[in-house]
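Trainee: Under UniProt numbering, the sequence shown has 190 at position 190, and the numbering climbs by one with no breaks. Structure incoming, see below.
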Amino acid sequence: LRQALGERIRPVLTINKLDRCFLELMLDGEEAYQSYQRVIESANVIMATYQDALLGDTQVYPEKGTVAFSAGLHGWAFTLTVFGKMYAAKFGCDEYKMMERLWGDNFFDPSTKKWTKKHTGEKTCLRGFVQFIYNPIRNLIKECMDDNKEKVWAMLDKLNVKLKPEDKQLVGKPLMKRVMQTWLPAHSALLEMMIHHLPSPATAQKYRVENLYEGPLDDIYAQGIRNCDPNGPLMMYVSKMIPTSDKGRFIAFGRVFSGKIATGKKVRIMGPNYEPGTKKDLNIKAVQRTVLCMGRRQEPVEDVPCGNTVALVGLDQVIAKTATLTGENDEGAHVLRQ
1 LRQALGERIR PVLTINKLDR CFLELMLDGE EAYQSYQRVI ESANVIMATY
51 QDALLGDTQV YPEKGTVAFS AGLHGWAFTL TVFGKMYAAK FGCDEYKMME
101 RLWGDNFFDP STKKWTKKHT GEKTCLRGFV QFIYNPIRNL IKECMDDNKE
151 KVWAMLDKLN VKLKPEDKQL VGKPLMKRVM QTWLPAHSAL LEMMIHHLPS
201 PATAQKYRVE NLYEGPLDDI YAQGIRNCDP NGPLMMYVSK MIPTSDKGRF
251 IAFGRVFSGK IATGKKVRIM GPNYEPGTKK DLNIKAVQRT VLCMGRRQEP
301 VEDVPCGNTV ALVGLDQVIA KTATLTGEND EGAHVLRQ
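And the structure:
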């Protein structure tokens with residue numbers, strides 16, 4: 001976390017292993033809420049020590065959608081945005097107002113149908129997070145684990161969640177995992193949080209260029225990075241060499257910060273020990289193929305512009321681990337920081 005903030009990378013937070021609260025620790029809703037709140041406060045204490053005018057407020061807030069709650073091993077996750085949308089549609093209220101009520105000292109009593117800022121003392125009065133998020137999840141998980149399928153199907157109908165016919169044959173834990181994955185898929189919640197709350201490369205590179213580039217901040221390479229300019233000079237950082245199915249061969253994985261990288265393009269490869277004005281740790285080589293890593297699959301593409309990650313085939317003979325790539329004739333370029 002400190003490294004991310006030091007490098008001007010805006011964070012979001014995921015609280016993982018939620019399944020343990022329901023299956024092992026058997027926490028009630030209020031205990032779970034207090035536990036999550038302590039984790040968030042601990043992270044925010046660290047983030048509050050980093051004052052950076054360019055980054056602004058880096059603290060995370062569940063009610064703003066910058067905290068996710070997940071069970072990574074089981075493949076499900078949610079943010080308050082997910083439930084805010086769901087209840088806004090159900091009750092006909094504002095999504096963002098609903099999200100605010102799903103965290104903090106906001107209590108709801110279904111017997112009076114009223115929200116309060118303090119607990120009324122009634123057993124039916126529960127914190128919004130507990131009433132509308134934690135308890136519904138706990139109840140669904142319990143019915144799945146107890147194999148009460150009729151109750152599970154009724155709950156899923158209310159949530160408008162449909163299982164595949166073959167999934168309905170599952171029992172116990174496998175059923176619970178499939179139900180939760182279908183209702184609250186982890187990839188949807190996490191991707192939505194990243195899209196809405198993390199800056200695009202075009203935005204982030206404007207204030208991160210001094211953290212990224214070791215050369216003068218007014219040269220054409222720094223300008224290309226700052227503007228995330230696809231027509232600027234090529235500046236790419238290879239951060240990792242990934243083994244391929246061909247024994248002993250690797251593809252170079254990295255991010256393009258300026259210009260574009262293309263199949264067949266000759267590139268100037270500056271290793272970690274490169275010194276400007278010398279040929280130390282310097283190579284020039286053509287890229288055999290550019291590919292996009294789509295999970296385990298690799299999709300070949302002609303070229304990839306800045307703002308994207310890419311993998312390059314044919315450079316593993318000259319890159320051991322990391323390197324900066326630029327155009328064949330861009331002798332004035334400096335390296336990107338590791």
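Beta carbons are placed, not taken as given, at the ideal position from N, Cα and C, and that holds for glycine. Quick caveat: nothing in here was measured; it's all calculated off a predicted structure.
Check this for me: beta carbons of Glu30 and Arg127, under 8 Å apart or not?
Mentor: Taking the sequence shown and counting its residues from 1, the one referred to as residue 30 is at position 30. Taking the sequence shown and counting its residues from 1, the one referred to as residue 127 is at position 127. Closer than 8 Å, so yes.
Trainee: Looking only at its own chain, which residues have a Cβ that is under 7 Å from the Cβ of Pro230, when we skip the five neighbours before and after it?
Mentor: Residue 230 sits at position 230 when you count from the first residue of the sequence shown. Excluding sequence neighbours, Pro230 sits near Gly259, Lys260, Pro305 and Cys306.
Trainee: In the DSSP assignment, what residue or residues form a beta bridge with Asn283?
Mentor: Here residue 283 is taken as the residue at index 283 of the sequence shown, counted from 1. Answer is Ile269, bridged to Asn283.
Trainee: Specify the secondary structure class of Gly277 as computed by DSSP and reduced to three states.
Mentor: Reading the sequence shown from its first residue, position 277 is the one you call residue 277. Residue state, collapsed to three classes: coil.
Trainee: Which runs of the alpha helix (DSSP H), 4 residues or longer, sit entirely within the segment 127-167?
Mentor: Qualifying alpha helix (DSSP H) stretches, in chain order: 135-145 and 149-159.
Trainee: When burial is assigned at 16 or more other CB atoms within 10 Å of the CB, is His196 buried or exposed?
Mentor: Taking the sequence shown and counting its residues from 1, one reaches residue 196 at position 196. Its Cβ having fewer than 16 others within 10 Å, His196 is exposed.
Trainee: Quick one: what's got a C-beta closer than 7 Å to residue 354's C-beta in the same chain, skipping five residues either side?
Mentor: Nothing in the structure corresponds to residue 354, since the chain is present only between 1 and 338.
Trainee: Would you call the segment 85-103 and the segment 50-68 in contact, with 3 or more CB pairs under 8 Å?
Mentor: Taking 8 Å as the limit for Cβ pairs, the verdict is that the segment 50-68 does touch the segment 85-103.
Trainee: Hey, how far is the Cα of Ile46 from the Cα of Arg10?
Mentor: Start at 1 with the first residue of the sequence shown, and residue 46 comes out as number 46. Start at 1 with the first residue of the sequence shown, and residue 10 comes out as number 10. One C-alpha to the other measures close to 13 Å.
Trainee: What would DSSP say about Leu315, mapped onto helix, strand or coil?
Mentor: Within the sequence shown, the letter at position 315 stands for residue 315. Note: Leu315 maps to coil in three-state DSSP.
Trainee: State the CB to CB distance for the pair Val238 and Leu325, rounded to an integer number of angstroms; the pair is presumed to be in contact (CB under 8 Å).
Mentor: Taking the first residue of the sequence shown as 1, we reach residue 238 at position 238. Taking the first residue of the sequence shown as 1, we reach residue 325 at position 325. Correct: roughly 6 Å between the Cβ atoms.
Trainee: According to DSSP, simplified to helix, strand and coil, what is Trp183?
Mentor: The residue labelled residue 183 in the question sits at position 183 within the sequence shown. In the structure shown, Trp183 sits in a helix (DSSP, three-state: H, G or I).
Trainee: Is the beta carbon of Gly314 sitting closer than 8 Å to the one on Arg296?
Mentor: Here residue 314 refers to the residue found at position 314 of the sequence shown. Here residue 296 refers to the residue found at position 296 of the sequence shown. Going by C-beta atoms, Gly314 is not nearer than 8 Å to Arg296.
Trainee: Per DSSP, which one or two residues make a beta bridge with residue 343?
Mentor: No answer is possible for residue 343: it lies beyond the span of the chain, which begins at 1 and ends at 338.
Trainee: So the beta strand (DSSP E) Met26 belongs to, where does it begin and stop?
Mentor: Position 26 of the sequence shown, counted from the first residue, corresponds to residue 26. No beta strand (DSSP E) holds Met26; DSSP gives it neither H nor E.
Trainee: How is Ala252 classed by DSSP in three states: helix, strand or coil?
Mentor: As a first step, residue 252 is located in the sequence shown; it is residue number 252 there, counting from the start. Strand.
Trainee: Would you be able to state if there are at least three C-beta pairs under 8 Å between the segment 71-91 and the segment 168-188?
Mentor: With a cut-off of 8 Å, the segment 71-91 and the segment 168-188 count as touching, because enough Cβ pairs lie within range.
Trainee: So what does Thr116 bridge to, in DSSP terms?
Mentor: By one-based count along the sequence shown, residue 116 stands at place 116. Phe107.
Trainee: Please report the distance separating the alpha-carbon of Thr322 from that of Glu302.
Mentor: Against the sequence shown, residue 322 aligns to sequence position 322. Against the sequence shown, residue 302 aligns to sequence position 302. Whole-angstrom Cα-Cα distance: 23 Å.
Trainee: When you compare the segment 124-143 with the segment 10-28, are there three or more beta-carbon pairs, one atom per stretch, that lie closer than 8 Å?
Mentor: With a cut-off of 8 Å, the segment 10-28 and the segment 124-143 count as touching, because enough Cβ pairs lie within range.
Trainee: Classify Ile225 as helix, strand or coil using the three-state DSSP reduction.
Mentor: One-based indexing of the sequence shown puts residue 225 at position 225. Helix at Ile225.
Trainee: State buried or exposed for Glu299, treating a residue as buried only when at least 16 other CB atoms are found within 10 Å of its CB.
Mentor: Residue numbering aside, residue 299 sits at position 299 when the sequence shown is read from its first letter. That one is exposed.
Trainee: Give me whichever residues DSSP pairs with Val82 in a beta bridge.
Mentor: Here residue 82 refers to the residue found at position 82 when the sequence shown is read from its first residue. In the DSSP output, where bridge partners are listed per residue, Val82 has none listed.
Trainee: In angstroms, rounded to a whole number, what distance separates the CA positions of Thr14 and Lys280?
Mentor: Here residue 14 refers to the residue found at position 14 when the sequence shown is read from its first residue. Here residue 280 refers to the residue found at position 280 when the sequence shown is read from its first residue. Between Thr14 and Lys280, the C-alpha separation is close to 43 Å.
Trainee: Restricting to Cα atoms, I'd like to know which of Asp330, Ile141 and Tyr207 is closest to Ala53.
Mentor: Stepping through the sequence shown from its first residue, residue 53 is reached at position 53. Ranking the options by Cα distance to Ala53, first place goes to Tyr207.
Trainee: Within 10 angstroms of its Cβ, does Cys125 collect 16 or more other Cβ (buried), or is it exposed?
Mentor: On the sequence shown, position 125 is the one that residue 125 refers to. Cys125 is buried by the Cβ-count criterion.
Trainee: Take Lys149 as the anchor and find which of Lys168, Arg138 and Lys164 has the nearest alpha-carbon.
Mentor: By one-based count along the sequence shown, residue 149 stands at place 149. Nearest option by C-alpha distance: Lys168.
Trainee: Do you know offhand how far Pro136's Cα is from Asn106's?
Mentor: One-based indexing of the sequence shown puts residue 136 at position 136. One-based indexing of the sequence shown puts residue 106 at position 106. Cα to Cα, the separation comes out at about 17 Å.
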